[in-house]
Amino acid sequence: DTATNVLSREVLAELDAVLSDLETSDASGLVLLSDKEKGFIAGADVHEFTT
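Reminder that position 13 of the sequence shown reads as 28 in this note's numbering, one-by-one numbering, no gaps.
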């Protein structure tokens, strides 16, 4: 997938799981990384929208 970090259902589910785990951890911060040269996030994956 060449899209720039789109927020697909899969990505949102994974992010939800990570954030849920953080609620019970001793972590004091969170770092989000991207391997794309331009931009960080493109927004929702419009291909997943239904009509």
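Glycine included, each C-beta is placed from N, C-alpha and C at the ideal position.
Measure the C-alpha to C-alpha separation of leucine 45 and leucine 37 and round it to an integer number of angstroms.
9 Å
Going by the beta-carbon positions, is the gap between aspartate 50 and arginine 24 smaller than 9 Å?
no
Using a Cβ-Cβ cutoff of less than 8 Å, which residues in the same chain neighbour glutamate 63 once the five nearest sequence positions on both sides are dropped?
Ser23 and Arg24
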